[in-house]
Every structure is written in C-alpha cells, then in structure tokens.
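Chains as they are written, first to last, in the numbering used here: chain V, -14 to 106; chain B, 132 to 795; chain G, 219 to 372.
Set out below in structure tokens:
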C-alpha cells in the first residue's frame, strides 16, 4: 500500500511541484493545505503517514503547525521546507518536533530521499 | 531452628573465610592465572553461602551466590579475570565485611543491600554468553591499558573517566564519524538532527568539533562524536540511516581494558585510606559544557556579587528594612548560584588518582621493587581545567619516587626498613589552595651528589657550590636536564623532567616545593589555587589601609593586651589555646604609613593557620566578613608576594588580599 | 578623554608635561587619559610603583614616571593619569598635564639629546622639535617594562 502524504505550502505552484515528484514515484498525496490551520484540520481528518510543510505561511506558520500536529499525534512525521537564510526557524521547527528539513529550491532526489527515509522505518 | 547458640561459631568461621578471600584476592592481583587460588576463593564463598543461609543472613547468602556464579565462570575459563572483575570481587569482600560487622553489633545483615553488586556481577556473566573466550593478556599489557583504545578524538580526563565508568556498567561506547554531503547547506541543523536522534539512544559525551563550533558552522563537512549507549551497533546504524544528507557514516566501538571502581555508600576500599565522603557519580546524567560558557557564567556571577555588595553598602547608610530583607535574600541566592557554578567546574582529583595504582604496580615490576601506594583525599575537588594538567606532573613525580627515591628491597632491608616502599599521595584543601603531596619513604635526596654535579657541570664555581645550603642545592633538581642518577631509566612518552613539572604547576598559578631527609624519604608538595575567583574573606583595617584575609585560613579572632605578649629571641609570642604562637604586627610587616598612632593597650588579633603553623596577626580594626571578587594585580606587580590580589569593595575602595604563605 | 582614531596613528603622539619638560608617547600605547584619583598603596612593591586604582571595576597599577626617569618630582597641580596598554597589560602613568596630540615625523627628530635632565637614558628614543618646543620622545616598552621580571612582551 502506498504511503499517504500531505503537502502544506501557501504557494499553489510549490504544492503542485512537490505533488508531481511524489506521485511519479509511487506516493499518494491525500491532502493539501495552504496554511497551518488548515493543515492541522486536514491532519485530523486524513491521518497521513507523512507531512511536508513549508515554514513560512500565513495564519498559522509551520512551526506552530508542527507543535499543534505533534499534540494531536506525537508520532507524526513532518518534513519542513525552508528557504535559504531561515536557519533559526529551521532549528525551531526541529525543536518543535519536525523530523527533517529540505532547503528550497530543492532537487527531486533530495525530496525523494527524505520522503523515503521518513516513510520506510 | 534456633541459631543463637551458633552465632559465635558462625562469626569466627566466617571471619576466617573472609580473610582467606581477601588474601587470595590480593594474590590473584599479582598472578591471575593461578587456578588453585580461584578454586580456593570459590570454596570459601561457597562455605560462607551455606553458613549464612543456615543462619538466615540473606544479604550474605545472596551475594556469595552471585560471587560463586562468577567464580565458576572464571575457573571454567569462560570469564577472563580482568582487573575489573578482581576489583568487583574486592568490593564484594568489603560488603561482606560490613555485613559481618552488622551481625556482630545488631544480630543480622538485613540493613545491607547487595542488589547493586549483584547486578554488576550478573552483567559480567551475561556479557559472556554472547562473547567468545578472551585470550589471556600478559600482565604488562594489562597494567598499561589505561587509556580508551582506538579513539581518535582527544578526550580530557573527565571524559575518559566517564567512558571507563560506563563500560564498567555494561554500556557500549561508540565513536561515530559523520561526513555530510558536499552540498549540504544548513550544516548546523543537520548536525543537530544527528545529535538529536542519537540522544534517543544514549548520551553524547564528546564531539569534535565542539558543540559550539557545530552550531556556528565553523567546521568542514565532517564531525565526530562519542556516544555512550546500551544499544548495539546495528541500532545506532539504523537511527543514522534515517537521516538525510549524510554522505557517510562510520561507527567504531571504543574499548577500554581498564576499570573504574563503582563506589558504594558504605564501603571504603581496604587498601586506600580515603577519609572524605565517597563520591557517587551517576552516568547518564552528565552533560558536556564548553569551558568558555562556564567562564562566562562565573564572570556574571562575580558581577552579581559586586553589585550585591554595593547595594548592601548603600543600604547600610539608609537602613531601609525592606531593602535589607531583599538584599539578604539576594545574597543567599547569589551564594547558592556561586556555589552551584563552582561545583559545575569542580571535579574530584580521584579521577587522576585512579590511574596511579596501576602505574605504580607496573613501575614496581619494571624496577623490581616492592611498592605500595596509599592515596588520601581522593574526594578533594579541583577545577576541571586543572585536572587535565595535573596528571602528567603527578605521574612524573611518582615515577621519580619509584625510580630514584625508593631503594631496592635488598637495600631497604639492609638499612632496617620494611621491604616494601610506601608512596603516599595526599590531596587536601588549604585556605584558597588545593595541596597535593607525593611522599615516599625512600633514600631521600643526596645533596652532596647534587653539589658534585653542580661543580661537574659547571653550573656554579666550586667556591660558590661549597657555600650553598641544603635548600639551595635541592632547588637544582628542577633544572632542566639535571640528574644525579647513574643510569637514565626508561621514561616513556614526552620526556618529562622535574623542570617541566615545575613549569606546568607554575603555569597553573601554583608552586612546587620539596622537602627531604637523607635515608628517610622525600616529599613533593604541590600547591595550586582552587581557581576560585570569589572567596569569603575577613576584611580588616591595618593602619589606614584595608586588607582582606581569606576566610579559609582564619581560625579565630582575639582581643589581647600588649602586656600579654612575651618575647623570645626577638620573636613576639602570645598564648593561644595553650600554645605560644608567633605574633605578627601587620602594620610593621606591610610598612604601613600611619596618620594616627594607636595608643591603646588593646590589640585585635586574627588567628590564622597556614599548614601546620598558627600565627596571630595584629590588626587595627575589623571591618567585617564578606564575599569578595578576586582581581588579579597584573604582571607588573607579580613580584609582590605578600599580596595575592585585590578586591573592590562596595564603596569603590580597594582592599588588598593578603597571601598567607608570605605573611610569615 | 579618550584618544580617538586619528588617521596614520603610527606617527601620532600624545604630548604631555612632567615638571617643565615635554614628553611624547606614541598614541598606539595609550588607552585613555583619566583625572587623577586616589591610589591604594601596594606594600613592598617597586619604588616607582605608586599603587593601584579602581578604574570602572578594573584594577590598574599606577607608576610614578618621574621616578622611573630619574627626574625630581616638583609637585605640579592638575595631575592626570595616562592609561597605557602593552601586550594586554595596562599600566597607568601619572603626568602633570596633557598638552596635545601631534604628529612627529623623522624629519622633526633632533641630533642632540642633551636636553634630557634625567638619569634613565634608555627610555628616550630621541628629541623632536614639535610646535615650537623640544619634546622627549619616549620608548614606552623600555620605560614601563624595562626592569620587570615577568615582562609580558614576547
């Protein structure tokens, strides 16, 4: 059974790009969200195996969303996407419970490597 | 069954068996291959078990049962009798001793809990079920195997000790080398993930580069760390495999061949006279802190204390009650904070002392001498940075004692001494210093030979050399390359000489002194500052100047009259607690200019103790007792010996800190 | 007064007075110039040591430069303390007044050193004619640290 992934990013373009990479490689994108609040709601409803989430978003940002999702499910696996120069935020999200991070602009292999490692153990 | 009638018989026989166990263990230390001895110990333990079981003494019977299992493995050659095992057996002996004492006093041994020892014994056996038979190591290899093997990282004594301790408790220690992918952009975050994941398995006790450098990303793409964990290597690999952006992962297990004694509340080792309370250190609860951060903390605490003093001073004039209370509380909290920070840096010298029995044993073998090492005050604490620096000089001094100081057994017997030479290693706090003494009962320093060498090497003219007194001659042993021995013995490692010992100690701000008596022995005396930059002091007024006396030296305050002073050959003395002690008038000693003359007959004296000497210091007035921050006087004044530093008082004025070593 | 940044500091000197004579110290050694403040005596120190002061929480040794140079001390008013720093060690010098900061080039150096009245010749590198007066240019390292055993200079 293929792994279920949720993509969270306020830019439609980014969500599309990541979705393409994932679906082409056998993963199932079961939900998308454009901000942290929606992400938390959809997490509760769809219970994905993995979340790929951008750090900077309106409403509820990535770091807050990590905290909230981890509260709902402490085993939740979340990979953060971050632009360059957001070192402090990356650290904060890791401390909040994110498992891994990928830097933008990303290469497909890096994304796939992270997703594979997050979903196969 | 009524066992009361058998009590004295039980005690008598048990004592015999215990003594036997002790003696045979001592013999085993020297020759751990003798299967006859092992059988002997097994039999004694077995008998003890039986007797104790009959009498209902469960702690003894339970422990001896575990001992039997271990001894059985040993005699079947399934467990190698390493020093670690022997030491554990010694600890069991200690425990059994205490049980017997309890039985004598209160009638049973139920107060003693052998669980921890039994756990340790169990671990020895369980470790074996997976391992193959270890080949017997030669004695020499064994006694030299003190350092953790195969670690490419430089570790300080504290860290090495944690590794030794953790292995003793059955943990694994791995050195892990990580190479990040070359295009990894946020290296510090990646390193953080590595640390975080590994910390779910155990504890990271060291890393290279340091945690700080990793955070600041001042490193290439590689870093190494040392992990202590109960997990096996495949679990560690599994955790690391899940992390992205890692180019390569290298995991190596670090082994040590040595041991660290796990101390129990109750027992003190039979051979070591440690009069301090034993130190219980828990592994898995220590963290690594960069020294610079501790220094920063200390500075902040110092500043806090200065400000607190200033507020107290201000309030003294205003007499505001609510401020008084708050400041007092502030004072208590600052004190506690200060102590806590100091404690973080302080580490017992035991860490360094622990290596020495092995070293002495191997040295004794090398030189065919019989040597006993006694350590005292192993719990004495010293700043962490000093610990590292201390071990080389101490090792050298001990080598020196064994090599040159102590005579061969034949020589000793010929001069009426016991065959076994004794070296005493003693550590204690004195005032603001920590003192470490290395004393042997050997032949002492031959000052005439020194005189000859001085002349021979042209270090001084013959006339000058003839004039030199004993202490002058002795000071020459600290000259580089100076030796009076006929043959230069094998000094391994860095080619250390006594001159290096002296400069090492001096670089720590300490001093080395020697005292010797021909035919009786030699004592090296190392004095180091505890690196306390804040101390409690007694502030006094001498003439119109203010001075601070370190509280650690102050015994008492006394009022006296001029008439109570007696004079003996120009030395003024006064009676104190049924002794006559020297009186030192500080205003004269320090050449203080006086605006006002002190006409009164009454004198205020501060009784101080330095080493084993007591003095009465005459001051004009007492200002108070205070915590002061020690400020260095700087290099320009480094030749002023009577004061060791200065402190800024609450009102901005300066008090000089008297150095008790140079007051008399 | 803090001696601030002046371009081409190598050739800038602080000109000050000891008694009636003028002396110059290179600006790179000077940290600050303070008003005179009470000095705490240090027992059994070198004769030229006046003692130590508390300068904003820092303990600094103060020396009597006239004593080091071997010139008599004719009490002058308005004394100042010049804080110097060499190899991370600070020392304060008592001077009678600070006159100015001026540039001294090699062309201003004079041939004759006879102007100097004191005993300690090694401390003087030469005499310069600066702004209509003769100024004794000091060798600061030799002056302050020349006879100290634990000299920090490497």
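All residues carry an ideal CB built from backbone N, CA and C; glycine is no exception. The structure displayed is predicted, hence computed values, not measured ones.
Check: Find the residues of chain B that neighbour residue 272 of chain G, judging by a C-beta separation of less than 7 Å, and give them in chain order.; Outcome: 779, 783 and 785
Check: Could you work out which residue in B:573, B:529, B:558 and B:560 is closest to residue 549 of chain B when comparing CA atoms only?; Outcome: B:573
Check: Would you mind stating whether residue 722 of chain B and residue 261 of chain G have Cβ atoms separated by less than 8 Å?; Outcome: yes
Check: Report the neighbours of residue 316 of chain B on chain V: residues whose CB is nearer than 8 Å to its CB, in chain order.; Outcome: 69 and 88
Check: Would you verify that the beta carbon of residue 262 of chain G is, or is not, closer than 8 Å to some beta carbon of chain B?; Outcome: yes
Check: Please determine if the stretch 517 to 537 of chain B and the stretch 565 to 583 of chain B are in contact, where contact requires at least 3 C-beta pairs separated by less than 8 Å.; Outcome: yes
Check: What do you reckon, are the CB atoms on residue 674 of chain B and residue 718 of chain B nearer than 8 Å?; Outcome: yes
Check: Given residue 629 of chain B, which residues of its chain have a CB within under 6 Å of its CB, disregarding the five upstream and five downstream residues?; Outcome: 608 and 609
Check: With distances taken from CA atoms, which of G:345, G:279 and G:277 is nearest residue 324 of chain G?; Outcome: G:345
Check: If we define contact as Cβ-Cβ less than 8 Å, is residue 302 of chain G a contact residue for chain B?; Outcome: no
Check: Taking C-beta pairs closer than 8 Å, name the residues in chain G that residue 768 of chain B reaches, listed in chain order.; Outcome: 260, 263, 267, 270 and 279
Check: Please list the residues of the stretch 695 to 729 of chain B that have a C-beta atom closer than 9 Å to any C-beta atom in chain G, keeping them in chain order.; Outcome: 720, 721, 722, 723 and 724
Check: Determine, for residue 642 of chain B, whether the minimum Cβ-Cβ distance to residues of chain G falls below 8 Å.; Outcome: no
Check: Only counting the same chain, and skipping five residues up and downstream in sequence, which positions put a Cβ closer than 8 Å to that of residue 636 of chain B?; Outcome: 524, 642, 643, 657 and 659
Check: Pull up the distance between the alpha-carbon of residue -11 of chain V and that of residue 35 of chain V, whole angstroms please.; Outcome: 7 Å
Check: For the stretch 519 to 597 of chain B, which segments carrying the alpha helix (DSSP H) assignment without a break, of at least 4 residues, lie completely within its bounds, in sequence order?; Outcome: 540 to 545 and 578 to 587
Check: Consult DSSP for residue 349 of chain B and reduce its assignment to one of helix, strand or coil.; Outcome: coil
Check: Where does residue 475 of chain B fall in DSSP's three states?; Outcome: helix
Check: Rounded to a whole number of angstroms, what is the C-alpha to C-alpha distance between residue 594 of chain B and residue 647 of chain B?; Outcome: 24 Å
Check: Would residue 324 of chain B count as contacting chain V if we go by Cβ distances under 8 Å?; Outcome: yes
Check: Given a limit of 8 Å on CB to CB distance, which residues of the stretch -8 to 11 of chain V reach chain B?; Outcome: none
Check: For the stretch 375 to 389 of chain B, which residues have a CB atom closer than 9 Å to at least one CB atom of chain V, in sequence order?; Outcome: 375 and 376
Check: Compute the distance between the beta-carbons of residue 234 of chain G and residue 316 of chain G, then report whether it is under 8 Å.; Outcome: yes
Check: With distances taken from CA atoms, which of B:447, B:450, B:328 and B:286 is nearest residue 385 of chain B?; Outcome: B:286
Check: What does a CB cutoff of less than 6 Å around residue 103 of chain B pick up in its chain, not counting 5 residues either side in sequence?; Outcome: Examination of residue 103 of chain B is not possible in this model, given that chain B is present from 132 through 795 alone.
Check: What span of residues does the alpha helix (DSSP H) with residue 186 of chain B cover, start to end?; Outcome: 166 to 186
Check: In terms of alpha-carbon separation, which member of B:441, B:746, B:356 and B:304 lies closest to residue 757 of chain B?; Outcome: B:441
Check: Going by DSSP, what residue range makes up the alpha helix (DSSP H) through residue 94 of chain V?; Outcome: 93 to 105
Check: Verify the CB distance criterion: does residue 248 of chain G have a CB-CB separation below 8 Å to chain B?; Outcome: no
Check: Rounded to whole angstroms, what is the Cα-Cα separation between residue 45 of chain V and residue 57 of chain V?; Outcome: 16 Å
Check: Buried or exposed for residue 364 of chain B, going by 16 or more other Cβ atoms inside 10 Å?; Outcome: exposed
Check: Return the residues of the stretch 676 to 692 of chain B that lie within a Cβ-Cβ distance of less than 7 Å from chain G, sorted by chain order.; Outcome: 676
Check: Does chain V have any CB closer than 8 Å to the CB of residue 320 of chain B?; Outcome: yes
Check: Tell me whether residue 255 of chain G is buried or exposed, calling it buried when 16 or more other Cβ atoms sit within 10 Å of its Cβ.; Outcome: exposed
Check: Residues of chain G with CB under 9 Å from residue 650 of chain B, in chain order?; Outcome: Going along chain G, no residue has its Cβ under 9 Å from residue 650 of chain B, so there is no contact; the nearest lies around 38 Å.
Check: Starting from the Cα of residue 179 of chain B, find the closest Cα among B:739, B:224, B:210 and B:354 and give me that residue.; Outcome: B:224
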